[in-house]
Ligand SMILES: Cc1cc2nc3c(=O)[nH]c(=O)nc-3n(C[C@H](O)[C@H](O)[C@H](O)COP(=O)(O)OP(=O)(O)OC[C@H]3O[C@@H](n4cnc5c(N)ncnc54)[C@H](O)[C@@H]3O)c2cc1C
Ligand code: FES
């Protein structure tokens, strides 16, 4: 695909539960796990979504129903047309690792799932969410052991994924930790990894407009998340000033991360 939107027909809509739906397209894209596409709903808006399912001739994006755009997106039907540009961004990287750990918080499982399916090594999967209803793809990884945790204890261990990661790190030596979820969670993952001398890769979110590096909307410190990320490795996280601190709103105003994630783009 290109930097200009291509109108694609939705082939299938899979509703995982009332919070998440996946839109599938019968269209091949050259893709690396962790990359994202810009999704355009004409006369509404255009937003970034990671590719959560991928095969040679088909791909899917999984959307959490939150604000106006995402609620419209999960209500789409097979046959509806959406504009798609991309894929954009760097994606996750994999070397010849022997043992890796994946840490997903809520919808953070969307970019990690195709990575989990593609890496040929021993893997530990730690998945958490605020409650059972927000655990995404619970039955997707049958061959692997998934350690579940929920904030309210409604499924798996009660507590945060970072508690489960600390336990797993005490028992295993990982070559790499891959994480996606709320930024405060990823900062804790990074800190745990630094304390245990383990490298990590985390996928960040910032407001995106162009998706390919020209508008500056998505800056985080000196990096543009859309082209220099969205995946950042330990070495770059150490010098990324705004990691878990600041972000730009749609207007360009710099705000704390708490204000950024409570902002609504209507
Ligand atoms: C690289 C990347 C990949 C993403 N992948 C997914 C995914 O796979 N599944 C998923 O459900 N969501 C994903 N998102 C978030 C998604 O783009 C939307 O922000 C989210 O669906 C909420 O949109 P909304 O308008 O419905 O909600 P709103 O209530 O309007 O916004 C909720 C929050 O979304 C963020 N946001 C709003 N507009 C944008 C924008 N243009 N660019 C970036 N962030 C924005 C802001 O933090 C805002 O506070 C991704 C974001 C990025 C940056
Ligand atoms: S979204 Fe325009 S520079 Fe990143």
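Residue numbers (the working numbering): 7 to 272. Yeah, the Cβ is synthetic: ideal placement off N, Cα and C, and Gly gets one too.
Taking only heavy atoms of ligand 2 into account, decide whether any of them is closer than 7 Å to the Cβ of residue i.
i: residue 208; result: no
Have a look at the DSSP bridge pairing and note the partners of residue i.
i: residue 54; result: 44
i: residue 229; result: 226
i: residue 153; result: 132
i: residue 28; result: 20, 68
Spatial neighbours of residue i within its chain, please: CB distance less than 7 Å, with the 5 preceding and 5 following residues excluded, ordered by chain position.
i: residue 11; result: 46, 89, 90, 91
i: residue 118; result: 108, 110, 184, 186
Please return the same chain residues whose Cβ sits closer than 6 Å to the Cβ of residue i, not counting the five positions on each side in sequence.
i: residue 160; result: 137, 138
i: residue 13; result: 87, 89
i: residue 128; result: 105
i: residue 182; result: 103, 106, 205
i: residue 319; result: Within the shown structure, residues of the chain are numbered from 7 to 272, placing residue 319 beyond reach of any answer.
i: residue 66; result: 28, 30, 58, 59
Below 7 Å, is the gap between the Cβ of residue i and the nearest heavy atom of ligand 1?
i: residue 20; result: no
i: residue 211; result: yes
i: residue 67; result: yes
i: residue 113; result: yes
i: residue 37; result: no
Thinking C-alpha only, which one of the options is nearest residue i?
i: residue 241; options: 41, 56, 187, 203; result: 203
i: residue 39; options: 30, 29, 57, 32; result: 57
i: residue 5; options: 84, 255, 261; result: Outside the displayed range of the chain (7 to 272) lies residue 5, so it cannot be described from this structure.
i: residue 80; options: 16, 32, 35; result: 16
To which residues of the same chain is residue i closer than 8 Å at the C-beta, ignoring the five residues directly before and after it?
i: residue 77; result: 71
i: residue 94; result: 41, 42, 43, 44, 54, 217, 218, 232, 233
i: residue 50; result: 74, 75, 78
i: residue 99; result: 207, 237, 239
Between residue i and ligand 4, is there a pair consisting of the residue's CB and a ligand heavy atom that are separated by less than 7 Å?
i: residue 236; result: Although ligand 4 was asked about, the structure shown includes only ligand 1 and ligand 2 as ligands.
(message) Give the residues whose C-beta lies closer than 6 Å to at least one heavy atom of ligand 2, in chain order.
(response) 214, 215, 216, 217, 219, 220, 221, 222, 223, 224, 230, 232
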